[in-house]
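Residue numbers (the UniProt record's numbering): 1 to 593.
Yeah, the Cβ is synthetic: ideal placement off N, Cα and C, and Gly gets one too.
As structure tokens, the structure follows; a few thoughts come after it.
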């Protein structure tokens with residue numbers, strides 16, 4: 001826990017050292033103010049008592065003491081409001097820094113992390129207002145510091161009266177502190193254990209609110225079922241929280257009784273002191289205020305210490321997420337070599353084997369394949385045959401378990417990842433439909449040329465996107481979809497053309513199409529593949545499909561089955577061999593009759 005707190009201080013110091021210093025200074029000043037006020041009150045009461053006994057006495061000292069009390073009160077107010085402002089400013093700074101750190105971790109995480117439930121659960125836990133939750137233990141630590149300074153002043157004063165008052169005041173804080181610590185830890189681990197349930201609950205709630213799921217939910221009558229599912233999850237979560245809360249409240253009532261006994265003992269000692277020791281009225285009042293103040297502050301202190309402990313469990317979880325590293329990530333490509341300026345020998349896959357993390361079953365097994373520069377390759381096979389996994393390995397998104405992939409003579413393990421990705425253009429089956437402008441949807445293919453309007457117009461013209469832009473209210477500046485603004489809804493075919501334009505705008509050496517037309521009818525799919533072939537005549541192109549007609553346009557067809565290459569050849573060769581490809585093609589031939 002100490003290590004996590006040190007990590008937190010370094011994090012806050014990095015992003016807000018000036019604010020942290022000012023807040024710390026104000027904490028010290030605010031801690032001293034109540035002690036000064038206690039002394040001023042004691043002296044004021046003593047002076048008033050003397051004035052009552054001697055009416056002719058000069059009361060200028062009383063006026064000075066009252067003026068000082070007024071100044072201390074005003075300074076306390078100024079310091080508190082200034083600290084509140086600084087805390088608000090620091091919260092915003094930390095929120096940005098913490099969320100940026102989380103998002104940076106997410107975008108730099110290997111793709112296979114997103115197949116790990118542990119990673120997703122961890123992300124869900126730290127994703128809820130991380131800046132506020134990181135500042136919370138720090139603010140509580142400042143408050144602890146302030147209270148500690150004030151209590152120290154009170155205890156020094158009580159020590160001048162009688163040592164037993166100090167002992168009883170300290171003992172009174174211990175019971176509640178132990179209860180708060182115990183249940184603070186239980187609350188954190190409860191939230192930790194409920195994370196999968198909360199994810200299920202939030203996902204179900206998002207389905208009920210999302211415009212894209214609205215049609216199907218109504219068509220299948222899922223509304224009541226999903227609402228009940230969400231409600232049951234919510235009730236289960238609430239019930240578990242209440243169980244701990246009830247136990248905590250019972251324990252706190254018992255500890256409050258024990259604390260009251262300690263302070264009753266302190267009260268008896270004060271009465272004994274009055275009887276045995278000559279005490280001025282001001283001192284008597286000050287003793288009572290110091291005891292009561294210590295009682296209230298020690299209760300606050302025990303609560304805050306427990307809260308800091310609980311919040312530091314979150315902070316520790318946050319920093320563990322930033323440091324999250326799966327052992328398999330060591331196999332991820334981390335080279336520094338540049339990508340070949342122009343492929344001369346092509347792409348070679350040697351004994352490529354891959355299995356998902358934490359599983360023993362190989363999804364790809366001993367893949368042997370050579371792709372010539374400029375060759376058009378179609379990879380076909382049934383769903384689950386390993387087609388998409390193969391290209392993800394080819395793109396360096398999945399680490400190889402065994403074997404190697406070489407671009408000319410450069411191993412994928414030697415290539416710098418950004419160099420590899422820069423030279424690849426891809427359209428996935430579930431390509432993104434960005435709710436930004438049409439210009440952004442094309443320009444995201446190469447973010448470094450986002451302002452290159454001429455190049456964007458050129459690729460839009462060749463892919464048919466220019467015609468789409470002409471029919472939009474604001475042309476390329478039109479927002480697409482209705483998620484962010486009153487944008488334009490597009491058809492599946494129009495989105496397909498935009499995805500193709502985005503891919504071609506990248507100008508990659510290798511073009512990969514991972515079943516991007518799966519949602520289109522077979523004839524439209526064929527037209528899209530013809531367009532791709534015409535536009536990528538000199539580029540190495542790999543397209544994946546479980547539809548056979550599109551594969552006819554390829555120079556060579558690779559048939560995959562159960563993670564292996566079952567067949568390889570041209571359309572004519574594979575049809576003549578009357579194997580898996582021929583059977584698949586004939587079973588789909590009726591689509592094109």
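- Scanning 562, 435, 574 for the CA closest to the CA of residue 556 turns up 574.
- Distance from the CA atom of residue 545 to the CA atom of residue 325, rounded to whole angstroms, is 34 angstroms.
- In the DSSP assignment, residue 557 falls within the beta strand (DSSP E) that extends over 556-561.
- In this structure residue 571 is buried. Its beta-carbon is surrounded by 16 or more other beta-carbon atoms within 10 angstroms.
- The count of Cβ pairs closer than 8 angstroms, one atom from the segment 80-88 and one from the segment 25-42, reaches three, so the stretches are in contact.
- Pairing residue 104 with residue 98, the inter-Cα distance amounts to about 10 angstroms.
- Using a Cβ distance threshold of 9 angstroms, residue 540 and residue 343 count as a contacting pair.
- Secondary structure in the segment 353-386: the beta strand (DSSP E) runs of 3 residues or longer, each lying completely within the stretch, are 364-371, 376-380 in chain order.
- With distances taken between CA atoms, residue 495 lies nearest to 469 out of 511, 485, 469.
- Here residue 428 is bridged, per DSSP, to 514.
- Boundaries of the beta strand (DSSP E) harbouring residue 569: 564-569, taken from the DSSP string.
- Residue environment: residue 272 is assigned as exposed (fewer than 16 neighbouring CB atoms within 10 Å of its CB, all protein chains considered).
- In terms of Cβ geometry, residue 369 and residue 352 form a close pair [threshold 9 angstroms].
- In the DSSP assignment, residue 410 forms a beta bridge with 407.
- In the three-state reduction of the DSSP assignment, residue 402 falls in the strand class, which pools E and B.
- In the DSSP assignment, residue 505 falls within the alpha helix (DSSP H) that extends over 492-505.
- Here the C-alpha atom of residue 115 lies approximately 13 angstroms from the C-alpha atom of residue 392.
- Per the coordinates, the alpha-carbon of residue 399 lies some 48 angstroms from the alpha-carbon of residue 144.
- In terms of CA proximity to residue 240, 197 leads the group 497, 439, 197.
- Pairing residue 530 with residue 548 gives a Cβ-Cβ distance that is not under 9 angstroms.
- Only residues of its own chain outside the window of five on either side were considered, and among them 61, 62, 65 have a CB closer than 7 angstroms to the CB of residue 47, listed in chain order.
- Within the same chain, and ignoring the five residues on either side of residue 159 in sequence, the residues whose Cβ sits closer than 6 angstroms to its Cβ are 166.
- Shown here, residue 471 sits in coil according to DSSP, grouped into three states, outside any helix or strand.
- Residue 508 places its beta carbon 9 angstroms or farther from that of residue 410.
- Taking a contact to require three or more Cβ pairs closer than 8 angstroms, the segment 133-143 and the segment 314-321 qualify as touching.
- Residue 540 carries a strand assignment under DSSP once its states are collapsed to helix, strand and coil.
- DSSP, reduced to helix, strand and coil, places residue 488 within a strand of the structure shown.
- Secondary structure of residue 337 (DSSP, three-state): strand.
- Relative to residue 320, the option among 101, 292, 20 whose CA is nearest is 101.
- The criterion of a C-beta distance shorter than 9 angstroms is satisfied by residue 157 and residue 35.
- By the neighbour-count criterion, in which 16 or more other beta carbons inside 10 Å mark a residue as buried, residue 268 falls on the exposed side.
- Nearest to residue 406 by alpha-carbon distance, out of 429, 371, 387, is 371.
- Non-local beta-carbon contacts of residue 580 in its own chain, meaning distances under 7 angstroms to residues more than five positions away in sequence, involve 559, 561, 566, 567 in chain order.
- In the DSSP assignment, residue 122 falls within the unbroken alpha helix (DSSP H) covering 117-126.
- For residue 304, the three-state secondary structure derived from DSSP is helix.
- Bridge partners of residue 347 according to DSSP: 371, 407.
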